[in-house]
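Using the working numbering, the first residue of the sequence shown is number 2, and each one after it goes up by one. Cβ atoms here follow ideal geometry from the backbone N, Cα and C, with glycine treated the same way. Below is one structure, written out as structure tokens; comments come after it.
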Amino acid sequence: MAPAGLPASLPLCVCLLLASGFAQAGRLLVVPMDGSHWFTMQMVVEKLIHRGHEVVAVVPEVSWQLGKSLNLTMKTYSTSHTLEDLDRKFKYFSDSRWKNPEHRWLSLTTGSGKVFFDLISSHCRSLFNDKKLVEYLKQSSFDAVFLDPFEVCGLTVAKYLLIPSVVFSRYFLCHLLEVGTQCPSPLSYVPRLFSKLADTMTFMERVSNLVFYMEEHAFCSYFFKTATDIASEVLQTPVTMDDLFSQVSIWLLRTDFVLDFPRPVMPNMVFIGGINCQQRKPLLKVCFSSLAHEERPGFRP
């Protein structure tokens, strides 16, 4: 028992403080997504390196931004497409998405969005065709995979290497966030992504939300078909997107639950909204007494 006058939890706190000195830096494998997705992930990777973690990124040779101006180990693999192919298919995707805002969901899952996503998914086949790189990954004993879920290959790599995966994202398509976290998402008050509904719905709006949910299940299996086919080929067993996302250990969500509609959350859903905000200098101290004697439009001391 703890001596009188001392809290009973004091011995435990002392043990935890002493044990923290034995913490070790880890080996982290990063499988990023190109473009603006990399800008947000890059800041986190830089902080991990600054804290002493060993970080290795696996990126395609053909990319827009991946691997630039970072002090970390880069492992590249060749791709079956050129930078011109990447630019052309992304332009087709972006033009179709914004020219037809009313059909954005349909265009994303069955049209130009699928064409572009299939190109990104093909990276995974190129990665695993590089036998030397795959052998390096197997021998490196990484502690976890840090990935963007839009680059589904990161989940395939984690399942292939049998190591934990950490997802870094704002949101994800279809029902896969709920599947990955085993989190309930009641359709009566949790609107589906792109549905333009709120948490307070009429009966007909709830029916519309249900129909939208059913459409997700119908179209998403088609949208991710290339990714699941490649994952099944690599893992040598039939694989679904549910199989890949159900293995995720932690979801780092770049938002805050107070900015979203009320919904259930799970312990492995960690909200990190604001992590990409730039650190600004504090405002200069202003002498209000001197400003009070000056006539400035709109200023009140």
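Classified as buried, Ser-122 has 16 or more neighbouring CB atoms from the shown chains inside 10 Å of its CB. Excluding the 5 residues flanking it on each side, Met-242 has same chain C-beta neighbours closer than 7 Å at Leu-177, Phe-225, Thr-229, in chain order. Classified as exposed, Ser-81 has fewer than 16 neighbouring CB atoms from the shown chains inside 10 Å of its CB. The residue from Glu-85, Val-63, His-54 with its alpha-carbon nearest to that of Leu-73 is His-54. Counting C-beta atoms within 10 angstroms of its own C-beta, Thr-201 has fewer than 16 neighbours from the protein chains shown and is therefore classed as exposed. Between the alpha carbons of Asp-35 and Gln-66 lies a distance of about 6 Å.
For Met-205, the three-state secondary structure derived from DSSP is helix. Taking the CA atoms as reference points, Asn-130 sits about 16 Å from Leu-162. The beta-carbon distance between Val-146 and Ile-251, rounded to whole angstroms, is 11 Å. This is too long to meet the 8 Å contact definition. The shortest C-alpha to C-alpha distance from Lys-48 to any of Phe-173, Asn-277, Pro-33 is the one to Asn-277. The DSSP-derived three-state label of Ser-247 is coil.
Exclusion of the five residues before and after Glu-179 leaves Ser-186 as the residues of its chain whose Cβ lies within less than 6 Å of its Cβ. By the criterion of at least three beta-carbon pairs nearer than 8 Å, the stretch 147-156 is in contact with the stretch 27-43. Per DSSP, the unbroken beta strand (DSSP E) holding Leu-30 starts and ends at 28-32. By the criterion of at least three beta-carbon pairs nearer than 8 Å, the stretch 264-278 is not in contact with the stretch 203-214. Spatial neighbours of Met-42 in its own chain (CB-CB distance under 7 Å, excluding positions within 5 residues in sequence) are listed in chain order as Pro-33, Asp-149, Phe-169. When secondary structure is reduced to three states using DSSP, Leu-254 falls in the strand class.
Between the beta-carbon of Val-249 and that of Phe-258 there is about 19 Å, and that puts the pair past the 8 Å contact cut. Counting along the chain, Met-75 sits inside the beta strand (DSSP E) bounded by residues 74-78. By the Cβ neighbour-count rule, Pro-61 is buried, with 16 or more other Cβ atoms within 10 Å of its own. Contact check for Lys-76 against Leu-134 passes: the beta carbons are separated by less than 8 Å. Excluding the 5 residues flanking it on each side, Asp-144 has same chain C-beta neighbours closer than 6 Å at Gly-27, Arg-28, in chain order. When the alpha-carbon of Ser-189 is set against those of Arg-171, Gln-183, Tyr-214, the nearest one is in Tyr-214. Around the CB of Arg-193, 16 or more other CB atoms lie within 10 Å, so the residue is classed as buried.
In chain order, Pro-150 place their CB closer than 6 Å to the CB of Phe-173, counting only its own chain and leaving out the 5 sequence neighbours on each side. Where Leu-148 is concerned, the enclosing beta strand (DSSP E) starts and stops at 145-148. For the 8 Å CB-CB criterion, Cys-184 and Glu-217 do not form a contact. In the three-state reduction of the DSSP assignment, Met-267 falls in the coil class, being assigned neither a helical nor a strand state.
Here Glu-55 is bridged, per DSSP, to Arg-28. Distance from the CA of Tyr-78 to the CA of Leu-198, rounded to the nearest whole angstrom, comes to 42 Å.
Looking at the DSSP output, Pro-61 sits in a beta bridge with Tyr-78.
Take Val-116, set aside five residues on each side of it, and the residues of its chain with a beta-carbon closer than 8 Å to its own are Lys-90, Tyr-93, Phe-94, in chain order.
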